[in-house]
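For this note's numbering, count along the sequence shown from 1 and bump the result up by 456.
Backbone N, C-alpha and C fix where the C-beta goes; we use that ideal spot for every residue, glycine too.
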Amino acid sequence: MTPLLRQEWRRGLARCVFGVFLFSSLLFSYNSSVLNYCNYASALGSGVEVNATEMANVTNSTITVRKSKLIKLPPPIVVVGAELRIASLIIIGLSERGERVIAITRDDESPDSMIIKLTYGVHYVRGDISKPETFSHYFKNAKAVIFACQARSVYDQDREAIRFTGGETPKGVEFRGIRSIARSAVAKNVPRIFLLSMYMVTRKKSPEYRWLNKFQRAMYWKRRAELELINQCRKSKGTSKYTIIRAGGSAGEKGKGLEKVVLRQGDYLKGTLPLEDLASITVESLYHNATEDTVFEAVTGDEGIALGFERLNRGNDGSAVECPDEDKALISDE
């Protein structure tokens, strides 16, 4: 190698070493910034008060620390069963209202959860409803808990039957689930506890009840879940209030809006209700005192939801009542 080539080789090596050093410095600065941001975002989701001096702003690959007052986070709404489609719709509706949501789920990496995380910043927590102690600390200072869990199932077309999967049953998921969640929420003094149920759960002679109850006594355990929540809330002596929404069946149809929803009490309504409308009713119920300590049914109709909220009676336990004459048109097969 000639002296000239040796000199150029040394210069090139020096440039490479300097370039590696510069890239490493920038990468360390960026990772430190991202780590600070992730720690801050994690604290937001967990409900911890965060000092803003820990917030980092990335400008030209450097970290600038700002000093400010302690940030007090708003009370969250905890949605249990967030892996389900109905729960995702509720979470979106709450987020659109500006609520801080904590989602308890069996699968925190589903496509829906990833999109909701990125769009709304919802904090997802992997949890098992049979072990609420693993996530019940999120109930502390919560505004409400919404229980949207259902036993996973598939419809067997050949046998015309419902088959529950993954070892899950209505008794294990819906009854035992709400029992453990309600106890934990009441112990944490959560003001509102919501349960999504189904219409006709008290009408044992109805075709809907008879057919669905053939499969693991699904309707029986749904009603037991309702009564369990009511009992737990009544034990709290007014600290925790229940809201149980009995929805009409859904076949995946598009939502029609709240102006096309009929609400009643007494478990005599029959009909369908799109999941989008059930989610809207659940979110809207959170802001109406008339839905505290109530059980009511919701199906698609032409009446509109505003009148429905006005007619709800508080303190009922969801027992069946005779359909009044003015509602006979709503139940054509009775």
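Sorted by chain position, which residues of the same chain lie with C-beta nearer than 7 Å to residue i's C-beta, five sequence neighbours on each side aside?
| i | result |
| --- | --- |
| PRO588 | SER636, ILE637, SER640 |
| ALA497 | With a pLDDT of only 45 at ALA497, under the threshold of 50, the placement of this residue in the model should not be trusted; the figure read from the coordinates follows. Closer than 7 Å at the Cβ level, and outside the excluded window around ALA497, lies no residue. |
| GLU630 | CYS605, GLN606, ALA607, TRP677, LYS678, ALA681 |
| LEU550 | ILE533, VAL557, VAL739 |
| PRO759 | Note on identity: in this sequence residue 759 is Glu, with Pro being the wrong assignment. The residues are VAL718. |
| HIS744 | PHE765 |
| PRO780 | none |
| GLN688 | ALA638, ARG639, VAL642 |
| LEU668 | ALA674, MET675 |
| GLU684 | PHE631, ILE634, ARG635, ALA638 |
Check whether the Cβ atoms of residue i and residue j sit closer than 8 Å, and answer yes or no.
| i | j | result |
| --- | --- | --- |
| ASP584 | THR590 | yes |
| THR728 | ALA707 | yes |
| ASP614 | ILE686 | no |
| PRO730 | GLU709 | yes |
| LEU651 | ALA617 | no |
| LEU690 | VAL751 | The residue you asked about is not Leu; residue 690 is Arg in the sequence shown. Cβ distance not < 8 Å, so ARG690 and VAL751 don't count as in contact. |
| TYR676 | LEU725 | no |
| ILE700 | SER741 | no |
| SER586 | ARG632 | yes |
| LYS596 | PRO647 | no |
| VAL601 | VAL536 | yes |
If residue i sits next to residue j, beta carbons under 8 Å apart, how far is it from one beta carbon to the other, in whole angstroms?
| i | j | result |
| --- | --- | --- |
| ASP723 | GLU753 | 6 Å |
| VAL768 | LEU719 | It should be pointed out that residue 768 corresponds to Leu in this sequence rather than to Val. 7 Å between Cβ atoms; contact. |
| ILE546 | ALA735 | 5 Å |
| GLY764 | ASP749 | About 17 Å; that fails the 8 Å criterion. |
| ILE649 | SER696 | 6 Å |
Please return the same chain residues whose Cβ sits closer than 8 Å to the Cβ of residue i, not counting the five positions on each side in sequence.
| i | result |
| --- | --- |
| PHE620 | ALA607, ARG608, SER609, PRO626, PHE671, GLN672 |
| ASP612 | ILE618, ARG619 |
| ALA405 | Residue 405 is absent from the model: the chain starts at 457 and stops at 790. |
| GLU766 | ALA746 |
| GLY713 | ASP733, SER736 |
| SER566 | GLU539 |
| GLU778 | GLY722, TYR724 |
Within the same chain, show all residues whose beta-carbon is closer than 6 Å to that of residue i, passing over the 5 residues directly before and after it, in chain order.
| i | result |
| --- | --- |
| VAL581 | ILE560, PHE591 |
| ASP563 | GLU539 |
| VAL755 | GLY704, VAL718, LEU725, GLY727, LEU729 |
| TYR665 | MET656, ARG659, MET675 |
| SER662 | MET656 |
| ASP568 | SER544 |
| GLY711 | PRO730, GLU732, ASP733 |
| GLY622 | ARG608 |
| TYR594 | VAL534, ILE558 |
| GLY757 | VAL718 |
| PHE644 | The amino acid at residue 644 is misidentified as Phe; the sequence shows Lys. The residues are PHE595, LYS596. |
| GLY577 | none |
| ILE548 | none |
| GLU624 | ALA607, ARG608 |
Does the beta carbon of residue i sit closer than 8 Å to a beta carbon anywhere in chain C?
| i | result |
| --- | --- |
| LYS596 | Note that chain C does not occur in the displayed structure, where there is just one protein chain. |
Tell me, please, whether the stretch 596-606 touches the stretch 536-547 by the rule of three or more beta-carbon pairs shorter than 8 Å.
At 8 Å Cβ cutoff, the stretches touch.
Please list the segments of the beta strand (DSSP E) lying wholly inside the stretch 534-583, counting only runs of 3 or more residues, in order along the chain.
Whole beta strand (DSSP E) segments, 3+ residues: 557-561, 579-582.
Contact between the stretch 530-537 and the stretch 556-564: three or more CB pairs below 8 Å?
The stretch 530-537 vs the stretch 556-564: in contact.
Could I get the ranges of all uninterrupted alpha helix (DSSP H) runs contained in the stretch 623-667, with 4 residues as the minimum, in chain order?
Correct list: 632-643.
At 4 residues or longer, what runs of the alpha helix (DSSP H) sit wholly inside the stretch 745-776?
Here the runs fully enclosed are 761-767.
Those runs of the beta strand (DSSP E) which lie wholly inside the stretch 669-748 and span at least 3 residues:
Segments of the beta strand (DSSP E) lying fully in the stretch 669-748: 697-703, 717-720.
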